[in-house]
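Below is one structure, written out as structure tokens, with a few remarks after it.
There are 2 protein chains.
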Amino acid sequence: MTENFKLVSVAQAPRTELHDQLGLTGCEVSINSLPVGAAVPFVHAHKQNEELYGVLSGSGEIWIDGEVHAIKAGDWFRVSPAGKRAIRAAENEGITFICMQTKAGSLENYTMTDGVMCEEKAPWLK
Amino acid sequence: MTENFKLVSVAQAPRTELHDQLGLTGCEVSINSLPVGAAVPFVHAHKQNEELYGVLSGSGEIWIDGEVHAIKAGDWFRVSPAGKRAIRAAENEGITFICMQTKAGSLENYTMTDGVMCEEKAPWLK
Numbered sequence: 001m002t003e004n005f006k007l008v009s010v011a012q013a014p015r016t017e018l019h020d021q022l023g024l025t026g027c028e029v030s031i032n033s034l035p036v037g038a039a040v041p042f043v044h045a046h047k048q049n050e051e052l053y054g055v056l057s058g059s060g061e062i063w064i065d066g067e068v069h070a071i072k073a074g075d076w077f078r079v080s081p082a083g084k085r086a087i088r089a090a091e092n093e094g095i096t097f098i099c100m101q102t103k104a105g106s107l108e109n110y111t112m113t114d115g116v117m118c119e120e121k122a123p124w125l126k
Numbered sequence: 127m128t129e130n131f132k133l134v135s136v137a138q139a140p141r142t143e144l145h146d147q148l149g150l151t152g153c154e155v156s157i158n159s160l161p162v163g164a165a166v167p168f169v170h171a172h173k174q175n176e177e178l179y180g181v182l183s184g185s186g187e188i189w190i191d192g193e194v195h196a197i198k199a200g201d202w203f204r205v206s207p208a209g210k211r212a213i214r215a216a217e218n219e220g221i222t223f224i225c226m227q228t229k230a231g232s233l234e235n236y237t238m239t240d241g242v243m244c245e246e247k248a249p250w251l252k
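Heads up: the protein sequence lines correspond to chains A and B, in order.
Residues in the first sequence are numbered consecutively from 1, following the working numbering.
Residues in the second sequence are numbered consecutively from 127, following the working numbering.
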């Protein structure tokens, strides 16, 4: 199997971290589920990592720098390293979200400037 | 509103890119939906970016470096920059997946070594 590809199937769990399982070198990603009314039991910030969150299902709230914002399935949000944050599930439903950590300022190029078109054809493109 | 937080709500669409909308500096993330039987119409690789894919719903296949792998909801996979890749939806259902681009090798610390515990308390933690 090509060393350029590694896959894991993620089952429902309170928290799954992907960095070590997939050999990631540009990010750490966790998939997190909080049951109805549950909260991450602390406020945290980061030294150098930006976080991107995506709510996959359910709803809840994020407290950040003294503000409270409702979050729900389909919402994606950036939290800068210095943001002091805490998340909880709603009181009437749980929440499942992904959290992706990257080094702030590390992305240099993307998509059109980093992608390279290849002449190879997948079987279904021939 | 704190400058450390920015949120967008993402509707169902063929492709949504988050970098510019959220002011991301460590990654570009896209949310992609392919209808039944559809395929990204090219093979591509990257110059310096690693990609992490997560299948949010449905199923399909990835062709990478001459191999074909089945992919389904709950699967997460890394593709190194040099991997030549193409994705298609299954012939009996569509697929929705996220793709996160980061600069390979850019992550220095994460979670326990990058996180900072804060003394502040969210209202529900008091």
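Beta carbons are placed, not taken as given, at the ideal position from N, Cα and C, and that holds for glycine.
Predicted model, so just to flag it, every value in this text is computed and none were measured.
Discussion item. Mapping the DSSP letters down to three states, classify GLN147/B as helix, strand or coil.
Written reply: Taking the first residue of the second sequence as 1, we reach residue 147/B at position 21. Helix.
Discussion item. By alpha-carbon positions, which one of MET1/A, GLY26/A, GLY54/A and SER30/A ends up nearest to GLN12/A?
Written reply: Counting from one through the first sequence, the residue named residue 12/A turns up at place 12. Nearest option by C-alpha distance: SER30/A.
Discussion item. What does the alpha-carbon distance come out to for the pair GLY131/A and PRO167/B?
Written reply: Since the first residue of chain A shown is 1 and the last is 126, residue 131/A is not available in this structure.
Worksheet item: When the Cα atoms are used, what is the spatial distance from PHE97/A to ILE213/B?
Response: Counting from 1 along the first sequence, the entry for residue 97/A is found at position 97. Counting from 1 along the second sequence, the entry for residue 213/B is found at position 87. Their backbone Cα atoms lie some 24 Å apart in a straight line.
Discussion item. For chain A, check one thing: does any of its Cβ atoms lie closer than 8 Å to the Cβ of LYS252/B?
Written reply: Position 126 of the second sequence, counted from the start, is the residue given in the question as residue 252/B. False, the Cβ-Cβ gap to chain A never drops below 8 Å.
Worksheet item: How big is the Cα-Cα spacing for LEU18/A and GLU143/B?
Response: The sequence position of residue 18/A within the first sequence is 18, counting from 1. The sequence position of residue 143/B within the second sequence is 17, counting from 1. Using only the alpha carbons, I get a separation of about 22 Å.
Practice prompt. Using only alpha-carbon positions, find the residue among GLN174/B, PRO161/B and SER159/B that is nearest to LEU107/A.
Written response: One-based indexing of the first sequence puts residue 107/A at position 107. The alpha carbon of LEU107/A has as its nearest neighbour, out of GLN174/B, PRO161/B and SER159/B, the alpha carbon of GLN174/B.
Discussion item. Any beta carbon from chain A within less than 8 Å of ASP191/B's own beta carbon?
Written reply: Locating residue 191/B in the second sequence gives position 65, where the first residue counts as 1. Closer than 8 Å to some Cβ of chain A, the Cβ of ASP191/B qualifies, so yes.
Worksheet item: Among VAL36/A, LYS6/A and LYS121/A, which one has its Cα closest to the Cα of GLY23/A?
Response: Stepping through the first sequence from its first residue, residue 23/A is reached at position 23. The shortest C-alpha separation from GLY23/A is found at LYS6/A.
Worksheet item: Among the residues of its own chain, which have a CB less than 7 Å from the CB of LYS103/A, if the five just before and after it don't count?
Response: Here the question's residue 103/A lines up with position 103 in the first sequence. GLN48 and ASN49, listed in sequence order.
Worksheet entry | Which listed residue (HIS46/A, SER59/A, ALA45/A and THR25/A) has its alpha carbon closest to that of ASN32/A | For the purposes of this step, residue 32/A is identified with residue 32 of the first sequence, where counting begins at 1. The shortest C-alpha separation from ASN32/A is found at SER59/A.
Discussion item. Taking only three categories from DSSP, how would you classify MET117/A?
Written reply: In the first sequence, residue 117/A corresponds to position 117, counting from 1. Reduced to three states, the DSSP call for MET117/A is strand.
Worksheet item: Where does GLY105/A land, buried or exposed, given buried means 16+ other C-beta within 10 angstroms?
Response: As a first step, residue 105/A must be located in the first sequence, where it is residue number 105. A residue is called buried once 16 or more other Cβ atoms fall within 10 Å of its Cβ, and GLY105/A, having fewer, is exposed.
Worksheet item: What is the DSSP secondary structure of LEU107/A, reduced to helix, strand or coil?
Response: As a position in the first sequence, residue 107/A is number 107, starting the count at 1. Under the three-state reduction of DSSP output, LEU107/A falls in the coil class, being neither helix nor strand.
Practice prompt. Give the range of the beta strand (DSSP E) segment to which PHE131/B is assigned.
Written response: The residue you call residue 131/B lines up with position 5 of the second sequence. Taken as a continuous stretch (DSSP letters only), the beta strand (DSSP E) holding PHE131/B covers 131-135.
Item to complete: Mind listing the chain A neighbours of PHE223/B? Cutoff is C-beta to C-beta under 7 Å, in chain order.
Response: As a position in the second sequence, residue 223/B is number 97, starting the count at 1. Within chain A, no residue comes near PHE223/B; the closest Cβ sits about 12 Å away, beyond 7 Å.
Worksheet entry | 8 Å Cβ cutoff met for ALA39/A and GLY83/A | As a working mapping, residue 39/A is identified with position 39 in the first sequence. As a working mapping, residue 83/A is identified with position 83 in the first sequence. It is not a contact, given that the beta carbons lie outside the stated cut-off.
Item to complete: Classify MET127/B as helix, strand or coil using the three-state DSSP reduction.
Response: As a first step, residue 127/B must be located in the second sequence, where it is residue number 1. Coil at MET127/B, not helix or strand.
Worksheet item: Quick one: which chain B residues come within Cβ less than 8 Å of LEU56/A?
Response: Counting from 1 along the first sequence, the entry for residue 56/A is found at position 56. Under the 8 Å cutoff, chain B gives LEU182.
Worksheet item: Cα-Cα, which of GLY152/B, MET127/B, ASN130/B and VAL181/B is closest to ALA215/B?
Response: By one-based count along the second sequence, residue 215/B stands at place 89. It is VAL181/B.
Worksheet item: In its own chain, which residues sit with a C-beta less than 7 Å from the C-beta of VAL10/A, not counting the 5 before and 5 after it?
Response: Within the first sequence, residue 10/A is the residue found at index 10, counting from 1. The residues are THR16 and ILE31.
Worksheet entry | Neighbouring residues, chain B, relative to ARG88/A (Cβ below 8 Å) | Taking the first residue of the first sequence as position 1, residue 88/A is located at position 88. Those within 8 Å of ARG88/A in chain B are ALA248 and TRP250.
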